[in-house]
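Numbering (our numbering), first residue to last: -8 to 500. Take a look at the structure set out below.
Take a look at the structure:
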């Protein structure tokens, strides 16, 4: 059973898909007038995890995310640079994809753009005008009439009378009501335009998402989401015009999910806050952050807080996430090393036992703990996609893996053949968690110990040859105290010596 917090009802609800074993999702995308900042990344990482989770459960997922590639800000930026709106949009869409790829955000099934959906947008506006939910001004502007919609404000819980009392809207006396919003904007000199029944112009902001979601997902679909700043007016207006157009107040999205803000202290990170942009210069855009830290570390940080809660983003938090990620990655490396040993036949004694559950070996205890933590992981994800809690279970398993690996390297474990099968199952469990969270899909950053030794690898190799030689001489002389002391001191320094028929070898733990 999956529970989701629905913004519409302001409560957790049991998720009931419109179609059995299928999930349909629409997430509001970016307006690419410049490079996306780190706050823009949160909804896309959030929805990427939700999508991965449903797919792992066996659902067929259809995911749509738009680009608002024609907009006032894009036109302003294009005019300032002396280029076309399309050049600005395409350039920043490319930057967006580069950043999302680095964050392991898998591509949506469709990325519709405003400029490519114009005929559909015009038809939807025409339908609203014909049904008297919209009106046309003399200059060709078209507005949605909020007073014609008796349910307007149901997503945000606002009433028109309350909105009027504290409204901060642009004064336009041509409107029938101050809260009416533009569906079509008549073209101004120097602006791009498209032909329409009302003259040359382009769409308002809200109508595009309604049109694109209905086109790609149908009159009813499961999820619609984005940042919590979109609840009002954007998503409120989407609901109003969509349900008015369809003539069904139960149509459109069934569950509304909104993520909290990314903050700098108590202040939302925003491009419009010029002081904040200047304060965070060099650590504001996704591109800037990723130039300093690995994408998977940033992804982990974004998911260590429940998606509905605000998330403070600063370099101290990133450093903490990097250390946490290093511990998770270490367990991954240890599992890979154990898998290599299994392939090399290190688990050689065959007891004939095939039942993981009744084995009394240390590996048996590890897999039982792994299965328990995996069940807890799924329970956390099923409770409103609680990645913060799910990650703690993954971390618990990483510690158990580390304990087992340490004992194995120290020779405290005498493995049997079934232990090899068990460790491979533990590896499956750990990677299943990692796949949903979206980790270990890129080359792992070099560990600090590896960086230190890589600075002068030839020197390290030479020194280790000398040390191993001294130890071998001590062993030949049966001076076991010296040989064991060298081995123990090396181990304390993070280096394991293994004695083989071909001689002694060493490696970093």
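The beta carbon of each residue, even a glycine, is placed where N, CA and C say it ideally should be.
Query: Cβ shell of residue 420 (< 6 Å), same chain only, five flanking positions each side left out; Result: 361 and 365
Query: 8 Å contact criterion, which residue 178 and residue 184 should meet: CB distance rounded; Result: 4 Å
Query: Terminal residues of the alpha helix (DSSP H) in which residue 19 lies; Result: First-last for residue 19: undefined, no H or E at that position.
Query: Alpha-carbon to alpha-carbon, residue 427 and residue 47; Result: 8 Å
Query: Residue 295: first and last residue of the uninterrupted alpha helix (DSSP H) it sits in; Result: No alpha helix (DSSP H) contains residue 295, which DSSP labels as neither H nor E.
Query: Three or more C-beta pairs below 8 Å linking the stretch 258 to 273 and the stretch -6 to 10; Result: no
Query: Collapsed DSSP secondary structure at residue 434 in the structure displayed; Result: coil
Query: Cut-off 6 Å between Cβ atoms - residues of its own chain near residue 416, not counting five sequence neighbours on either side; Result: 358
Query: Beta-carbon gap between residue 54 and residue 99 smaller than 8 Å; Result: yes
Query: Rounded separation between residue 223 and residue 299 - CA only; Result: 16 Å
Query: 8 Å Cβ shell around residue 255 - same chain, five flanking residues per side excluded; Result: 267, 270, 271, 303, 304 and 305
Query: Cβ shell of residue -7 (< 6 Å), same chain only, five flanking positions each side left out; Result: 6 and 373
Query: Other residues of its chain near residue 330: CB distance less than 8 Å, five sequence neighbours each side excluded; Result: 414, 415 and 418
Query: Three CB pairs or more closer than 8 Å across the stretch 66 to 77 and the stretch 6 to 17; Result: no
Query: Coil, strand or helix - residue 226 by DSSP; Result: helix
Query: Contact set for residue 535: own chain, Cβ-Cβ below 6 Å, skip 5 residues either direction; Result: Outside the modelled stretch of the chain, which goes from -8 to 500, sits residue 535, for which no answer is possible.
Query: Cβ neighbour criterion (16 or more within 10 Å) applied to residue 74; Result: exposed
Query: Meets three-Cβ-pair contact criterion under 8 Å: the stretch 314 to 328 and the stretch 428 to 436; Result: yes
Query: Contact under 8 Å by Cβ, residue 497 with residue 486; Result: yes
Query: Buried/exposed call for residue 499, threshold 16 Cβ in 10 Å; Result: exposed
Query: Own chain residues within Cβ distance below 7 Å of residue 61, not counting five before or after; Result: 76, 105, 106, 183 and 193
Query: Cβ pair residue 133, residue 293 closer than 8 Å; Result: no
Query: Buried versus exposed call for residue 212 [16 or more other C-beta atoms within 10 Å across all chains shown]; Result: buried
Query: Residue 176, buried or exposed, once every other Cβ within 10 Å from all chains shown has been counted against 16; Result: buried
Query: C-alpha gap between residue 102 and residue 57, whole angstroms; Result: 5 Å
Query: Same chain only: Cβ atoms within 7 Å of residue 442, ignoring 5 sequence neighbours per side; Result: In this prediction, residue 442 has a pLDDT of 46, which is less than 50 and means its spatial position is unreliable; what the coordinates show is noted afterwards. None.
Query: Rounded separation between residue 226 and residue 174 - CA only; Result: 14 Å
Query: Backbone CA spacing between residue 491 and residue 463 [nearest angstrom]; Result: 12 Å
Query: Exposed unless 16 or more other CB atoms sit within 10 angstroms - verdict on residue 286; Result: buried
Query: Assigned exposure category for residue 166 - 16 Cβ within 10 Å defines buried; Result: buried
Query: Candidates 128, 468, 217 and 144: closest to residue 247 by CA position; Result: 217
Query: Pairwise C-alpha distance: residue 214 and residue 97; Result: 18 Å
Query: Residue 26 versus 469, 206, 478 and 85, residue with shortest Cα-Cα distance; Result: 85
Query: Proximity of residue 368 and residue 379 at Cβ, strictly below 8 Å; Result: no
Query: As assigned by DSSP and simplified to three states, the class of residue 281; Result: helix
Query: Same chain, Cβ closer than 6 Å to residue 502, neighbours up to 5 away in sequence not counted; Result: Given a span of -8 to 500 for the chain in the structure shown, any question on residue 502 remains unanswerable.
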